[in-house]
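J.:
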Amino acid sequence: MTASNRTALVTGASRGIGRAIAIGLAARGYDVAINDIARQEGVLAEVASEIEALGRRAVMVLADVSSKGEVEAMARAVADAFGHLDAVVNNAGILIAGEVDGLKEEYWDSVMDVNAKGTFLVTQAVLPMMKARQYGRVVNIASIGGKHGAPEQAHYSASKAAVMGFTRVLAQEVGVDGITANCVCPGIILTDMGRVNLDDPEVRKTWQDKTAMRRIGDPEDVVGAVAFFASDDAAFVTGQTLNVDGGIVLS
Numbered sequence: 003m004t005a006s007n008r009t010a011l012v013t014g015a016s017r018g019i020g021r022a023i024a025i026g027l028a029a030r031g032y033d034v035a036i037n038d039i040a041r042q043e044g045v046l047a048e049v050a051s052e053i054e055a056l057g058r059r060a061v062m063v064l065a066d067v068s069s070k071g072e073v074e075a076m077a078r079a080v081a082d083a084f085g086h087l088d089a090v091v092n093n094a095g096i097l098i099a100g101e102v103d104g105l106k107e108e109y110w111d112s113v114m115d116v117n118a119k120g121t122f123l124v125t126q127a128v129l130p131m132m133k134a135r136q137y138g139r140v141v142n143i144a145s146i147g148g149k150h151g152a153p154e155q156a157h158y159s160a161s162k163a164a165v166m167g168f169t170r171v172l173a174q175e176v177g178v179d180g181i182t183a184n185c186v187c188p189g190i191i192l193t194d195m196g197r198v199n200l201d202d203p204e205v206r207k208t209w210q211d212k213t214a215m216r217r218i219g220d221p222e223d224v225v226g227a228v229a230f231f232a233s234d235d236a237a238f239v240t241g242q243t244l245n246v247d248g249g250i251v252l253s
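First residue of the sequence shown: 3, per the numbering used here; consecutive thereafter.
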């Protein structure tokens, strides 16, 4: 099977890391189903146009990944459009900053629902397609925040730690079906969501100085690791977590 007839689904693909991954996979020969919530439809259409400009097929699927019904409908739409799915990249995520002692319960629930439950629901919905062909690549976008965390991000850190734990168990369950499951943990990346950490110039410099490479990451910096896990080069790699952070977490 060549990359030119591969298919992928990328959630949260309208901007930031998800957008970069979707376009990066298209540049590597994948037809790509791109997902986001309904209010992002306009910018998602722009991503679709960029994919099509690369000569690949783009299918837009609007869905809230925290809604089981919407996710199941999305999986059916992908199956109808492509006939099969080789790789899923669970990238959709949110961050609402707040200290633990004043954190609203609904903020905790929203972050966990999208980041952790959304990864579970999307994976569960596409596994039958992968099992039917005895082939699949599940790539989950976690975060170095799930390993160490930062103030005002306890719920975000918990959600990303959950994604890593989920991935390790998933890898053990589906390996016999020819499916791998791995995590990419971005560091401080210059995205709209990442600006929660980076709006203050002093905070930005602090994070920059913490990296071995002395720079903040760009969304495109994450693409190579995702593409590797989605490829046959990673056929014997599963249950792993790879930091893509310029050298903040050295492990």
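For glycine and all other residues, C-beta sits at the position ideal for the given N, C-alpha and C.
Indicate the three-state DSSP secondary structure (helix, strand or coil) for N92 in the structure shown.
T.: In the structure shown, N92 sits in a strand (DSSP, three-state: E or B).
J.: Run through the DSSP bridge pairs and tell me what G219 is partnered with.
T.: DSSP lists I191 as partners of G219.
J.: Which residue comes first and which comes last in the beta strand (DSSP E) that contains I250?
T.: First-last for I250: undefined, no H or E at that position.
J.: Do the CB positions of T213 and G177 come within less than 7 Å of each other?
T.: Going by C-beta atoms, T213 is not nearer than 7 Å to G177.
J.: Report yes if the C-beta distance between L56 and A22 is below 7 Å; otherwise report no.
T.: No, these two residues do not count as a Cβ contact at 7 Å.
J.: Check for me: the alpha helix (DSSP H) holding A77 runs from which residue to which?
T.: Segment 70–84, the alpha helix (DSSP H) holding A77.
J.: If you measure between the beta carbons of A35 and V61, is that distance less than 7 Å?
T.: Taking 7 Å as the Cβ cut-off, A35 and V61 qualify as a contacting pair.
J.: Tell me which residue opens and which closes the alpha helix (DSSP H) that I25 is part of.
T.: I25 -> alpha helix (DSSP H) spans 18–29.
J.: Which of the three DSSP states, helix, strand or coil, is assigned to L123?
T.: Of the three classes helix, strand and coil, the one that applies to L123 here is helix, per DSSP.
J.: Taking only three categories from DSSP, how would you classify G167?
T.: Three-state DSSP puts G167 in a helix.
J.: Can you tell which of G180, A75, I191 has the C-alpha that lies nearest to the C-alpha of F238?
T.: Taking only the C-alpha atoms, the option nearest F238 is G180.
J.: What residues in its chain sit with their C-beta under 6 Å from that of R170, if we drop five residues either side in the sequence?
T.: So the qualifying residues of the chain are G241.
J.: Within its chain, find whatever has a CB closer than 6 Å to the CB of H157; leave out the 5 residues flanking it on each side and keep chain order.
T.: Cβ within range, chain order: W110, V113.
J.: What do you get for N245, buried or exposed, if any count of 16 or more other CB atoms within 10 angstroms of its CB means buried?
T.: Classification for N245: buried.
J.: Looking at the unbroken alpha helix (DSSP H) that takes in T9, where does it start and where does it end?
T.: From DSSP, T9 is part of no alpha helix (DSSP H) but of the beta strand (DSSP E) over 8–12.
J.: On the premise that V90 lies in contact with V63, defined as a C-beta separation below 8 Å, what is that separation, rounded to the nearest angstrom?
T.: Wrong, their Cβ atoms sit about 12 Å apart, outside the cutoff.
J.: According to DSSP, is Y137 part of a helix, a strand, or is it coil?
T.: DSSP places Y137 in coil when its eight states are reduced to three.
J.: Identify whether I53 lies in helix, strand or coil by the three-state DSSP scheme.
T.: Residue state, collapsed to three classes: helix.
J.: Have a look at Y137 and A24 and give me their C-alpha separation to the nearest angstrom.
T.: Spanning the two alpha carbons is a distance of roughly 20 Å.
J.: Should D38 be labelled buried (16 or more other beta-carbon atoms within 10 Å of its own) or exposed?
T.: Buried, since its Cβ has 16 or more Cβ neighbours within 10 Å.
J.: Which residues mark the beginning and the end of the beta strand (DSSP E) in which D103 is found?
T.: Per DSSP, D103 belongs to no beta strand (DSSP E) and is neither H nor E.
J.: Please classify P153: is it buried, with 16 or more other beta-carbons within 10 angstroms of its beta-carbon, or exposed?
T.: Answer is exposed; the Cβ neighbour count stays below 16.
J.: In its own chain, which residues sit with a C-beta less than 6 Å from the C-beta of R78, not counting the 5 before and 5 after it?
T.: Within the same chain, R78 has no close Cβ partners at all.
J.: According to DSSP, is I39 part of a helix, a strand, or is it coil?
T.: If DSSP states are grouped into helix, strand and coil, I39 belongs with coil.
J.: Going by beta carbon distance, what residues of the same chain come within less than 6 Å of Q42, once the five residues before and after it are set aside?
T.: Contacts found: S16.
J.: Helix, strand or coil for A237, going by three-state DSSP, please let me know.
T.: Three-state DSSP puts A237 in coil, outside helix and strand.
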